[in-house]
Structures are given as C-alpha cells and as structure tokens.
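Here is the structure we will look at.
There are 2 protein chains.
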Amino acid sequence: MKSVIIGIDLGGTSIKLGLVNISGQIIQSLEWPTPKNKSYHEVIAVFGQMSEQLLRETVYDWGDVFGVGIGIPGFLDFSTCTVFEAVNLGWHQVPLKEELERLWDVPVLLENDANTAALGEMWTGAGKGASHIICLTIGTGIGGGVIINGNIYHGVNGSAGEVGHITVKEHGGRSCNCGKKGCLETEASATSIVLKTLEQVKEASGLLKEEYAKQGNTITAKSIVELAKLGDPTCKTIIAEAGTVLGKALANMCYLLNPELIIIGGGISYAGEILFEPMSEAFRSFALPRLRQNTAIVQAKLGNQAGIVGAASLIHRNIN
Amino acid sequence: MKSVIIGIDLGGTSIKLGLVNISGQIIQSLEWPTPKNKSYHEVIAVFGQMSEQLLRETVYDWGDVFGVGIGIPGFLDFSTCTVFEAVNLGWHQVPLKEELERLWDVPVLLENDANTAALGEMWTGAGKGASHIICLTIGTGIGGGVIINGNIYHGVNGSAGEVGHITVKEHGGRSCNCGKKGCLETEASATSIVLKTLEQVKEASGLLKEEYAKQGNTITAKSIVELAKLGDPTCKTIIAEAGTVLGKALANMCYLLNPELIIIGGGISYAGEILFEPMSEAFRSFALPRLRQNTAIVQAKLGNQAGIVGAASLIHRNIN
C-alpha cells in the first residue's frame with residue numbers, strides 16, 4: 606500500500622531528497638552535490654541513485670511511493686509542465702516531469718523552489734492552519750511565495766511572488782544583476798548584507814574585525830548573523846537596516862494582498878529579534894491599522910527542510 | 606420569468622441604480638443624490654423608490670428580477686454580510702443585505718465599490734476574457750480591485766486591493782489623511798493633481814491661468830485633464846508625473862501578482878496618452894522583461910457605468 610512521498614529540493618549547490626510520510630514528517634533524507642556543468646540527464650541520474658539509496662536504507666520500495674514532488678530553482682511553464690529556465694543549472698525548456706514519470710512510473714509534480722518553501726511551511730511549519738500567506742526567503746537573493754485560499758498563486762506566467770526585484774529605493778541604490786538599481790534584493794538579501802559589512806569592516810571594532818581577518822579578509826552572511834547575536838554593533842545595525850527595508854516593503858505588499866500571515870525564512874531569518882523587531886516596527890508604521898490588525902509576521906520553522914516537505918506536499922495535496 | 610438584475614452604485618454624492626440584462630447591458634438607469642447626514646434607513650428608502658420608478662418605467666416588475674447587487678464605498682464584513690464601515694456615509698456595522706432581502710424578497714449581494722468597478726470591467730469592459738487583473742480607479746482617492754482566477758480577492762479581512770496607501774516616497778511626500786506621508790494617493794490621485802496644479806498656477810501661462818480665474822481662483826481635476834489635452838504644459842507635466850509614479854507602483858505590484866491585465870479607470874484616466882505613455886514607460890523600466898511580457902496596461906471602458914454593471918455581475922455570477 607502506498608504510504609510515502611519523495612520530496613526533492615533541487616538547488617544550484619546541492620540536491621536534498623527526502624522520504625516524507627502523509628503527515629509531512631521527513632522519515633529520512635539525503636543531501637548530495639548538484640552535478641556541475643552537466644546536462645539535465647546527469648541530474649536525473651542522481652535523482653535516481655538518491656531515491657534508490659533512500660528506499661534501500663528504509664523499509665520502502667517504489668510500490669509504496671505516491672509520487673515525487675520537486676522544487677526547482679527557476680521558472681516553470683505550467684502549461685507544458687516543463688522547466689522553462691533555471692539559470693543556475695543552465696537549463697532551458699527541460700521536460701523534467703515527462704522524463705521522470707516515464708522513468709519511475711509514479712506521478713511527478715514540479716514547482717518553483719520559493720513556492721515549495723511556502724507550501725512546506727504551510728503544511729507542517731509556521732503557516733499551519735493559515736491559507737492567505739506571503740512567504741519570503743532571505744538568502745543569497747530574496748524569493749517569495751504567495752498563497753491564496755490555500756494554494757500557490759502563479760500569476761499569468763508563473764512569476765507571481767518574485768518579490769526580490771521590487772524597487773525599494775526611490776533614487777539610486779545598489780546595482781542589481783537584474784539590470785535595475787535599488788531592488789529589495791540589493792538592499793536586504795544576505796548578499797547585500799555581506800557587501801555592506803565588507804564596506805564598513807575597516808571602521809568596525811573587535812569581533813567583526815577579528816572574524817574578518819580569520820576568514821581571510823572576507824566574511825560570510827552566516828558569521829554576520831552570529832556576530833550580531835553576540836552583540837557586534839556593526840553587524841546588528843546592518844541587519845536591522847535590512848529589517849526596516851523589508852518591513853516597509855511587506856507593508857506595501859499587504860495593501861495588495863491583505864494576508865493573514867507573513868513568514869520570513871532563509872539564512873538571515875536566524876538573526877531573530879535583531880531582524881524581526883525593526884522589520885515589525887517598519888511594518889506597523891507603513892501598514893494602516895485595518896490592514897495590519899489581522900496580519901502576523903513570523904519566523905519560518907522548517908529551516909532547510911522546508912524545500913523537501915513543500916515538494917512532497919505537491920503530491921500530498923493530490924491524494925484524497 | 607426572471608431576466609434582469611438591479612445594480613446599485615452607492616456613492617458619497619450620488620446613488621446610481623440600473624436595470625441590467627444577463628449580457629451585462631444596462632437597459633435603463635437613474636442617478637439620484639445620496640441623502641446626507643441621515644440614517645441608513647433613508648438610503649434604503651431611496652433604493653426602494655429608485656427601483657420602483659425604474660421598474661415602472663420599463664416593462665419589468667420584481668418577479669423579473671434575479672437579485673440586487675450593490676457596490677459600497679467602504680469596508681465589508683463578508684463573514685456577517687454587513688457593511689463594517691463606510692466613512693463617507695457615516696455607516697458602521699450596517700446589516701444592509703439582511704434588511705434589503707427582507708424588504709425585496711430577492712437575493713442581495715454586497716461588494717466594495719473598487720471591486721465592483723473591477724468586476725464590471727471584467728464582465729463587459731476592458732477586462733473581458735481576462736481572469737488575472739489589477740484594476741485601479743484614479744479619482745478623489747485611488748481605489749483598487751484584485752481579480753484572481755476570475756474572482757475578486759478579498760484577503761483576510763476584505764482589505765486586499767486597497768492600494769491607495771502604498772507608500773511610494775522613500776522620504777517625505779505629501780501628508781495623507783491616513784496619517785502617513787507619500788502614499789500613492791497623495792502623489793497620483795485627482796486630489797493630488799489638483800493640489801499640485803494650484804501650487805503651480807501662479808507660474809503658469811495662458812490656458813490654465815484663464816480657467817483658474819474663471820472658476821473663481823480654483824480648478825477642478827476634470828478641467829486639468831481637459832487643459833492637458835488642449836496642450837497646457839503645466840497640466841500635461843503634472844499628469845505625466847502622476848503617470849510615472851503609477852507606472853513604478855504598478856511594476857512593484859506585478860512582482861507580487863504577475864497579472865495579465867492592468868485596467869486604469871477613474872476621472873484622470875480620461876487624460877489618455879498624457880497619462881498612459883509615461884505610466885507605461887515607468888512600468889517598462891521597473892518591471893523585468895519576464896514579468897511585463899504578458900501584462901497589458903489598458904484604459905477602463907465602462908466609465909461611470911462600471912459600478913452598476915459590476916454590482917449586477919455579483920448576482921449574474923450566481924445564476925447558472
């Protein structure tokens with residue numbers, strides 16, 4: 606009898622693949638590096654090897670699998686069920702669903718990875734019970750997922766929720782690799798936080814300076830979050846500034862969507878109150894009372910498991 | 606046999622009531638002033654008188670009426686089918702649907718007036734055939750309606766689409782009656798266009814100065830639109846600036862919703878290319894290619910009939 610789902614979180618760096626039960630719990634998972642500069646057939650081969658290994662290590666076989674859900678770091682064409690473009694993977698118009706269904710003989714469903722993160726949080730994480738959600742992932746870039754009436758909203762060509770390139774600066778701002786300036790991503794992503802920290806490191810004191818030297822005259826976003834939590838003033842200020850930018854942008858989004866819940870995930874969300882306090886304050890200043898009174902801002906709960914759980918939820922939502 | 610719908614567009618100044626057929630055409634309509642500083646029972650009485658007169662003037666009676674749809678200038682509570690608040694009418698928690706259904710014995714449906722305008726345009730106007738739409742009405746304020754999968758999206762407490770108070774200025778901006786500064790409404794509504802024109806009228810030349818004197822040292826938004834179309838440079842520039850602000854704000858909205866269509870209505874939309882050309886240019890600059898390639902910006906078609914048609918569509922959508 607079928608009882609499990611395979612959820613795959615395909616990233617530019619690694620592939621996470623997990624066996625998920627129908628309550629949304631990960632039974633067991635694997636993380637392997639993503640094949641670099643290879644055709645998509647290599648990635649499909651790795652999916653196969655990982656699935657076989659995971660099934661072998663547990664008590665399951667393909668007969669127990671309802672289906673496979675996959676989160677993709679790129680744009681999907683939902684009319685043809687293909688990956689339209691995944692820049693980091695070098696993919697263009699890949700018929701992934703079709704090829705995998707032929708290979709495995711179980712249903713395969715695809716979704717953009719920012720959307721699977723949102724679905725994962727809605728199923729078993731911070732969004733449990735909510736059905737009108739904006740989910741932001743603050744990582745290298747800023748991804749977003751919009752959930753309306755309990756479903757991912759794709760818009761007319763699958764781009765709904767791509768909020769990283771909302772223009773937040775009225776004039777100027779940092780140059781974005783999208784070609785514009787002053788995008789949400791250039792002002793509040795992990796990448797922008799690292800850039801700002803590197804600009805200010807020479808005037809910085811103690812902790813940050815030490816860590817910068819230790820890492821060979823550079824610093825990771827993860828370290829900046831850790832240093833902020835240890836009280837480093839430069840790191841705290843830079844994360845707080847990102848929080849303020851995010852809070853204002855979220856208020857503006859709420860005028861359009863009036864969600865009940867905003868979930869913030871990704872590496873920078875681990876800064877906790879250092880990020881959330883200025884973010885909530887800016888949100889309250891820019892969102893009118895009627896708009897904000899039914900909207901909560903919360904931290905994501907599933908961490909980097911959200912992708913696997915959300916990918917599995919694609920299949921779970923179709924089981925009756 | 607039932608064959609017509611009554612659509613009511615309740616405004617702060619006037620009540621428009623029309624008899625609409627099942628193709629969305631207005632058979633006949635009336636416009637009466639809204640009773641001022643009276644209880645809502647007075648408004649209900651006027652609805653009754655207007656309906657009786659309209660039915661009497663045409664070949665119909667209540668037996669022919671499928672139901673009555675009403676657009677309300679305020680917030681609705683969809684869980685209790687009441688008008689939560691309509692500031693311009695002085696209404697608070699009015700059980701309008703219940704009272705009218707008892708009175709007329711036909712189904713009555715309510716909706717916010719920005720949303721009925723959007724529904725009207727989708728039924729027989731500029732949005733015919735589209736199902737992912739953002740509709741803006743640029744009038745005294747700026748109202749908005751969000752249509753998702755062919756339905757009005759309300760959000761968690763009915764505030765979705767209230768885009769007039771999106772903050773568009775990074776610093777400063779005009780004070781808004783919402784308590785904030787630099788709202789979309791304070792930068793691009795008819796009211797803000799009048800204010801800016803009055804500020805600049807002293808340095809203005811010819812046409813504008815004459816009209817200003819003729820109107821007793823003031824000027825209406827309608828005149829500003831007309832003067833701009835006649836080539837007055839001050840009026841053209843001020844409307845174009847509003848267009849630029851709107852275009853950028855619309856681009857930001859599209860990152861969240863990726864609609865297929867943006868419909869611009871309200872008095873200022875009659876400026877045509879003077880408004881639409883800078884608006885579209887700003888939209889193209891701030892919306893990435895993938896986002897804008899499937900999104901058209903068009904002028905509303907139904908003018909001030911959109912409210913009646915959209916109100917009637919509330920009932921039409923429930924006829925099978």
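Chains A and B supply the protein sequences, listed in that same order.
Going left to right, the first sequence walks through residues 606 to 925 as my numbering numbers them.
Going left to right, the second sequence walks through residues 606 to 925 as my numbering numbers them.
Note that the Cβ used here is the ideal one computed from N, Cα and C, for glycine as well.
In its chain, beyond the 5 residues on either side, LYS785, GLY787 and CYS788 have a beta carbon closer than 7 Å to the beta carbon of A:THR772. A distance below 8 Å between beta-carbons, with the five flanking residues on each side excluded, links A:GLU865 to the following residues of its chain, in chain order: ALA735, SER736, HIS737, ILE738, ASN899, THR900 and ALA901. Within the stretch 746-773 of chain B, those residues whose Cβ lies closer than 7 Å to any Cβ of chain A are, in chain order, VAL751, ILE753, TYR758, GLY760, VAL761, ASN762, SER764, ALA765, GLY766, GLU767, VAL768, HIS770, ILE771 and THR772. The count of Cβ pairs closer than 8 Å, one atom from the stretch 636-651 of chain A and one from the stretch 691-710 of chain A, reaches three, so the stretches are in contact.
Under the DSSP assignment, A:GLN698 falls in the beta strand (DSSP E) whose first and last residues are 696-699. In terms of CA proximity to A:ASP669, A:VAL609 leads the group A:VAL651, A:ASP614, A:VAL609 and A:GLY617. The beta-bridge partner set that DSSP reports for A:TRP637 consists of A:ILE620. Per DSSP, B:GLY915 lies in no beta strand (DSSP E); the unbroken alpha helix (DSSP H) holding it starts and ends at 911-921. Of all alpha-carbon atoms in A:LEU896, A:VAL850 and A:PRO700, the one lying nearest the alpha-carbon of A:VAL713 is that of A:PRO700.
With its beta carbon less than 8 Å from one in chain A, B:LYS853 belongs to the interface. Boundaries for A:ASN925: no alpha helix (DSSP H) harbours it, and the DSSP string shows neither H nor E there. Between A:ASN822 and the set A:SER810, A:LEU803 and A:LYS834, the nearest pair of CA atoms involves A:LEU803.
In this chain, the alpha helix (DSSP H) harbouring B:ILE829 covers 826-834.
Beta-bridge analysis with DSSP links A:GLU716 to A:GLY676.
Taken in chain order, the complete alpha helix (DSSP H) segments of 4 or more residues contained in the stretch 764-821 of chain B are 789-793, 795-805 and 811-819. When DSSP states are grouped into helix, strand and coil, B:THR687 belongs to the strand group. DSSP places A:GLN904 in no alpha helix (DSSP H) but in the uninterrupted beta strand (DSSP E) bounded by 901-904. An exposed status is given to A:ILE924, since fewer than 16 other beta-carbon atoms sit within 10 Å of its beta-carbon. Annotated three-state conformation of A:ILE611 is strand, per DSSP.
For the stretch 894-922 of chain B, the set of residues with a beta-carbon nearer than 8 Å to any beta-carbon of chain A comprises ARG895, LEU896, GLN898, ASN899 and THR900, in chain order.
Here B:PHE683 has HIS759 and GLY763 as same chain residues with Cβ atoms under 7 Å from its own Cβ, once five neighbours each way along the sequence are excluded.
Looking at the backbone, the Cα of B:SER634 and that of A:ILE752 are separated by about 40 Å. A Cβ-Cβ separation of about 6 Å places A:GLY676 in contact with A:LEU615 under the 8 Å criterion.
Residue contact with chain A for B:CYS740: absent (no Cβ-Cβ distance below 8 Å to any residue of chain A). Under the three-state reduction of DSSP, B:ASP669 is assigned to helix. Counting only Cβ-Cβ distances below 9 Å, B:MET884 has no contacts in chain A at all, with the closest Cβ about 15 Å away. Counting along the chain, no alpha helix (DSSP H) covers B:THR823, and no H or E run does either.
If you compare the alpha carbons of B:PHE671, B:GLY871 and B:LEU660 with that of B:GLU790, the shortest gap goes to B:GLY871. Rounded to whole angstroms, A:THR849 and B:VAL648 show a C-alpha spacing of 45 Å. Per DSSP, B:LEU893 lies in no alpha helix (DSSP H) segment and is marked neither H nor E. Counted as a single uninterrupted DSSP element, the beta strand (DSSP E) harbouring B:ILE752 occupies residues 747-753. The beta-carbon separation of B:ILE829 and B:ILE798, rounded to 6 Å, stays under the 8 Å limit for a contact. Beta-bridge partners assigned by DSSP to B:GLY870: B:THR742. Take the alpha-carbon of A:LYS906 and the one of A:GLU882: they are about 18 Å apart. Distances from the CA of A:TRP709 to each of A:PHE689, A:MET655, A:ALA731 and A:PHE680 were compared; the closest alpha carbon is that of A:MET655.
Contact annotation: in the stretch 812-826 of chain A, no residue has its CB less than 7 Å from a CB in chain B.
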